[in-house]
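Counting from 31, one number per residue, gives the positions in the sequence shown under my numbering.
What follows is a short report on a single structure.
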Amino acid sequence: HAFTSIIYLSSFFLKAKPSSSFSLYLSELFLNNSSMAFHSPFKSTIALSLLVFLSLFFTSSHSALTCASYKLPANRTYANCTALPTLGAILHYTYNATNRTLAIAYAAEPPKSGWVAWGLNLAGGGMIGTQAFIAIPTSAGAITVHRYNLTAYKAIDEVKAFTFDSWDVATEGAGGAVAIFAVVAIPEKAGNVTHVWQVGPTKDGKLSIHETKPDNLQAKAALPVALAPASAGGSGNSSGSGNATAPAASSGDKSGVSERFGVGFYFGLIVAFMTAVVAL
Numbered sequence: 031h032a033f034t035s036i037i038y039l040s041s042f043f044l045k046a047k048p049s050s051s052f053s054l055y056l057s058e059l060f061l062n063n064s065s066m067a068f069h070s071p072f073k074s075t076i077a078l079s080l081l082v083f084l085s086l087f088f089t090s091s092h093s094a095l096t097c098a099s100y101k102l103p104a105n106r107t108y109a110n111c112t113a114l115p116t117l118g119a120i121l122h123y124t125y126n127a128t129n130r131t132l133a134i135a136y137a138a139e140p141p142k143s144g145w146v147a148w149g150l151n152l153a154g155g156g157m158i159g160t161q162a163f164i165a166i167p168t169s170a171g172a173i174t175v176h177r178y179n180l181t182a183y184k185a186i187d188e189v190k191a192f193t194f195d196s197w198d199v200a201t202e203g204a205g206g207a208v209a210i211f212a213v214v215a216i217p218e219k220a221g222n223v224t225h226v227w228q229v230g231p232t233k234d235g236k237l238s239i240h241e242t243k244p245d246n247l248q249a250k251a252a253l254p255v256a257l258a259p260a261s262a263g264g265s266g267n268s269s270g271s272g273n274a275t276a277p278a279a280s281s282g283d284k285s286g287v288s289e290r291f292g293v294g295f296y297f298g299l300i301v302a303f304m305t306a307v308v309a310l
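This is how it looks when you write it as structure tokens:
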């Protein structure tokens with residue numbers, strides 16, 4: 031009897047249904063699939079417990095924005111948009127290969143009265159070494175954006191400028207989401223650049239450390255553009271407009287490996303639970 035249910039569950043993951051619909055999907059599976067109709071009250075209790083556990087396990091703690099759901103200000107347009115792999119965040123961007131400028135609009139939903147951050151690591155690493163914009167709410171209800179060097183996990187330094195040029199920096203909050211807008215000029219010698227994003231809480235108007243859940247720890251990726259050498263005539267203070275390049279192949283490969291690993295882990299967990307239930 032478990033085999034049919036396992037097939038349904040594997041089909042669910044192969045179709046990559048959103049985690050937000052997982053509770054509804056499991057409910058339909060347990061209620062409508064006759065092969066799961068247990069004849070023992072004890073087994074029914076076990077099945078219900080499994081349903082609740084898996085619903086909680088697969089429900090993301092972060093609301094996911096989408097490129098379609100998040101409305102940009104009327105005066106801001108970008109050539110591309112991508113849903114970032116963690117924290118339910120999105121990134122609108124336009125890359126000008128002529129002068130290596132990247133115009134971005136990063137948006138995410140932080141905890142209540144929390145902060146959001148987006149930045150570049152020119153060395154290609156994670157948090158340490160990143161130069162980030164952090165949007166922080168004020169006690170007056172406004173949101174301000176600051177520049178920080180992330181030098182250690184528990185020590186960050188506010189700076190007036192990055193080691194690369196940045197301008198047109200702004201922020202806004204609407205509907206629970208906070209966005210950071212900026213244009214950055216990627217140095218010509220920086221080839222293996224990653225971007226890092228994050229959300230976290232505040233306490234008494236000051237930054238507090240973000241959570242250490244997998245979503246938070248994996249909030250980094252290769253830039254979704256193929257960096258090319260800057261031309262001799264490129265201007266450092268361009269508006270950042272221009273044709274965007276195709277996504278870098280390495281970014282897609284890493285994302286695919288991560289997704290396949292996650293699917294295999296979750297599917298194995300479900301098989302183990304289903305086997306235990308049927309064996310009772």
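Don't be surprised by glycine CBs; every beta carbon is placed ideally from N, CA and C.
Just so you know, these numbers come straight off a predicted model, no measurement behind them.
In the DSSP output, which residue or residues are listed as bridge partners for residue i?
{"i": "Y178", "result": "A162, E188"}
{"i": "F211", "result": "A135, A200"}
{"i": "N110", "result": "Y123"}
{"i": "G230", "result": "W145"}
{"i": "P167", "result": "I173"}
{"i": "N151", "result": "T224"}
{"i": "A251", "result": "H225"}
{"i": "K236", "result": "K233"}
What is the C-beta distance between residue i and residue j, in whole angstroms, given that I count them as a contact (C-beta under 8 Å)?
{"i": "V175", "j": "F163", "result": "5 Å"}
{"i": "N110", "j": "Y123", "result": "6 Å"}
{"i": "L247", "j": "W145", "result": "With 8 Å as the limit, L247 and W145 do not qualify as a contact, their Cβ atoms being about 17 Å apart."}
{"i": "A133", "j": "Y100", "result": "Rounded, the Cβ-Cβ distance is 16 Å, inconsistent with contact."}
{"i": "P140", "j": "V199", "result": "That belief does not hold up - the Cβ atoms of P140 and V199 are roughly 18 Å apart, past 8 Å."}
{"i": "F194", "j": "T201", "result": "19 Å between Cβ atoms; not a contact."}
{"i": "L95", "j": "A119", "result": "7 Å"}
{"i": "G203", "j": "I158", "result": "Contact flag wrong, Cβ pair sits at about 28 Å."}
{"i": "P217", "j": "L152", "result": "7 Å"}
Looking at C-alpha atoms only, which residue of the options is the closest neighbour of residue i?
{"i": "L102", "options": "A182, A209, L257, T124", "result": "A209"}
{"i": "S143", "options": "E218, F211, G205", "result": "G205"}
{"i": "W197", "options": "I186, A185, W148, V214", "result": "V214"}
{"i": "L150", "options": "A220, T201, E241, T242", "result": "A220"}
{"i": "K184", "options": "E218, I239, T128, G235", "result": "I239"}
{"i": "K233", "options": "L152, S169, P217, D245", "result": "S169"}
{"i": "Y121", "options": "A98, N129, G235", "result": "Looking at the sequence provided, one finds Leu at residue 121 rather than Tyr. For L121, the nearest C-alpha among the options comes from A98."}
{"i": "T160", "options": "I166, D245, A147", "result": "A147"}
{"i": "A207", "options": "P244, A135, N129", "result": "A135"}
{"i": "A165", "options": "G235, T107, N129", "result": "G235"}
According to the neighbour-count rule (16 or more other Cβ atoms, all chains shown, within 10 Å of its Cβ), is residue i buried or exposed?
{"i": "G171", "result": "exposed"}
{"i": "G155", "result": "exposed"}
{"i": "V82", "result": "The pLDDT assigned to V82 is 46, lower than 50, so where the model puts this residue is not dependable; a value taken from the coordinates is nonetheless given after this. By the 10 Å Cβ count, V82 comes out exposed."}
{"i": "A249", "result": "buried"}
{"i": "E188", "result": "exposed"}
{"i": "S280", "result": "Residue placement at S280 cannot be trusted, given a pLDDT of 33 that sits under 50; what the coordinates show is reported in the next sentence. S280 comes out exposed."}
{"i": "T242", "result": "exposed"}
{"i": "T131", "result": "buried"}
{"i": "P167", "result": "buried"}
ask   = Looking at C-beta atoms only, is the number of pairs between the segment 249-256 and the segment 220-230 that lie closer than 8 Å three or more?
value = yes
Contact between the segment 176-184 and the segment 112-120 (3+ Cβ pairs under 8 Å) = no
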